[in-house]
Amino acid sequence: MTLPTLSGLREILRLALPIIASMASFTVMGFVDTWMVALVGTAEVAAAMPGGVIAFTLTALPLGITRCVNTFAAQAFGRDEPDEAAAYAWQGIYFGALVGLACAVFWPLAPGFFSLFGHEPEVLVLEVAYFRVRLWGIGLSVMIGALSGFFYGIHRPGIALVGVLTANCTNVVLNYAFIFGNWGAPRLGLTGAGLAMVLSFVVQLGVLLGVFLSSRYRAEFSTRLGWSPDWARTRRLLHIGWPAGMQGALDILGWGLLIVMIVGQFGKEHLAASNIAVQYMMISFMPALGLSQALSALVGRYIGRGEWETAVRRVYETLCICLVYVGLMGVFFFVFRFSLIGVFSTDPLVIQLGANILLCAVAFQLFDGLGMTFFGALRGAGDTHWPAGFTLAVLFLVFAPLSLGSVAYTNLESLGPWLAGTANVIILGLGFCWRFCQDHWRQIDIFATPGPVDNTGAEKAPGAMRESPLVGSPE
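Under this note's numbering, the first residue of the sequence shown carries the number 537, and numbering increases by one thereafter.
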């Protein structure tokens, strides 16, 4: 493996920094919501995590599918087929609209489902109300994921950043109105925070659609010509996207649903501590996710051009950046763990519990960076099935048994599931690294799967894509 080159690092950061800023902005939205809700009460903070996690778990599968628009757009962009990039974005938009309609089925099921967690009655009522409002935003999030993936894939991440920043500003203003009942708005508390988030998604989608349909992008990418539903393209998107979506959903299921179910047994202080700690972990996770998405776009574009070894070099250069960042965040969490939790709560028990959870984050930081980098590389190449299967295996063979066993056979209380999660991250990071080094991703042609079609020009792959030499890391 060669040392990182200045030109390579510049290219990565040019694409990644706007995406990272978008992720950081999304993290800020979560911080603002948590801080404002914390001013209402501990029960509201405790209810925000279960309601939000379940909503995001439902979002993860379809959102993971439309995020793979990034892969298709990047490879089409590299192949000099800009109209194909836009056509796949349209399929993602239609898919998101259908998901939004389908989410209505979960509305009447919410009370019975959340009662299974055994949370305190006060928390249960808040969880159900918050979850129901968040349901309205799932389809919007999926459509936003499709359009953001398009702009990432064509290496225009600044457009997505503008959309996120606009949404965040809207969210803060509407939080102030609906959480506390200002400016004549009803005082809705936690439910108001959910409503503000959904309305901010509407604004974000409007910004992205406005740019996507503008005359500039109509001329360059034919965005107003490829709008019709196309089952062949949708089938390819689903073939590559559903494993990535399932992998994301399983990840959230492990970190969210299992932790909510188990941690909730120990009371609202444990739930509140977990929620606060997660907000800090997002400071580390979201920029790493931004690097991962940027890497997917870079790998996809270079594969589209047939420049396989350049793609590999960008992977290892991105890994260097990611490991430095998450390593520094680990040091930050370790040194300031008590003060960080104290920003959100003055309860001594919440502070102690949250500080212990942050120590788990310290332990898995580098492995999380490893996994995020190589997963982004694999997704950019269209290798999504193996990571999904591996994630499923680790969830049910490692994470779930260790989480449940820690409660049944130890006195670790809520720390037990977090230690199990730490083992989960370490194994996934090593597994994704191994998969990338096996070079199976070099044999994948996303435009040829899941079968031949007659009505598009997407099947004409460059010879380099079909005849890539199977070599390892760059020398």
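Every residue, glycine too, gets a C-beta built ideally from N, C-alpha and C. Here the structure is a predicted model, which means the values were calculated and not measured.
Boundaries of the alpha helix (DSSP H) in which residue i is found, first to last residue
i	result
Asn711	693–716
Asp569	542–574
Leu599	578–603
Glu949	Counting along the chain, Glu949 falls outside any alpha helix (DSSP H), and DSSP gives it neither H nor E.
Pro823	804–841
Gln974	Gln974 -> no alpha helix (DSSP H), and no H or E assigned at all.
Ile857	844–878
Gln627	618–638
Pro647	646–651
Ser750	That residue, Ser750, is in no alpha helix (DSSP H); it is neither H nor E in DSSP.
For residue i, the three-state DSSP class (helix, strand or coil)
i	result
Leu979	What sits at residue 979 in the sequence shown is Gln, not Leu. Three-state result, Gln979: helix.
Pro722	coil
Leu933	helix
Leu539	coil
Leu676	helix
Phe911	helix
Ile690	coil
Trp791	helix
Leu761	coil
Thr920	coil
Glu656	coil
Arg771	helix
Trp643	coil
Thr882	coil
Arg615	coil
Asp766	coil
Exposure of residue i, with buried meaning 16 or more beta-carbon neighbours within 10 Å
i	result
Cys705	exposed
Leu539	exposed
Tyr945	exposed
Ala557	buried
Asp616	exposed
Gly746	exposed
Cys604	buried
Thr882	exposed
Ala623	buried
Gly685	buried
Ala813	buried
Gln974	exposed
Val664	buried
Arg723	exposed
Leu634	exposed
Glu1011	Its pLDDT being 33, under 50, Glu1011 is placed unreliably in this model, and the coordinates cannot settle the point.
Val860	exposed
Val573	buried
Trp954	buried
Val659	buried
Pro598	buried
Same chain, Cβ closer than 7 Å to residue i, five either side skipped, listed in chain order
i	result
Gly725	Val576, Glu580, Ile715
Ala552	Gly826, Leu827, Ala830
Val943	Ile798, Gly952
Thr488	Given a span of 537 to 1011 for the chain in the structure shown, any question on residue 488 remains unanswerable.
Gly878	Ile887
Asn892	Leu951
Cβ-based neighbour list, residue i, same chain, cut-off 6 Å, excluding 5 preceding and 5 following
i	result
Ser736	Ala703, Thr706, Asn707
Tyr816	Leu876
Gly482	For the chain, the structure presents residues 537 to 1011; residue 482 sits outside this window and is missing.
Gly866	Val898, Gln901
Thr541	none
Cys639	Leu671, Ile674
Ala612	Glu620, Ala621
Ala610	Gly689, Ala833, Gly836, Arg837
Beta-carbon proximity list for residue i, same chain, < 8 Å, skipping 5 on both sides
i	result
Gly544	Arg849, Arg850, Glu853
Glu547	Leu834, Arg850
Val930	Asn960, Ile963, Leu964, Gly967
Beta-carbon separation (whole angstroms), residue i vs residue j, contact threshold 8 Å
i	j	result
Leu773	Ile680	The Cβ separation is near 16 Å, so there is no contact.
Glu843	Pro618	Actually they do not touch by this definition, with Cβ atoms about 18 Å apart.
Phe667	Gly587	4 Å
Phe972	Ala913	6 Å
Tyr688	Ile555	6 Å
Phe802	Glu656	So it is not a contact: roughly 11 Å between Cβ atoms.
Ala824	Gly600	Not really, about 16 Å apart at Cβ, beyond 8 Å.
Ile982	Thr607	6 Å
Asn811	Met559	About 19 Å; that fails the 8 Å criterion.
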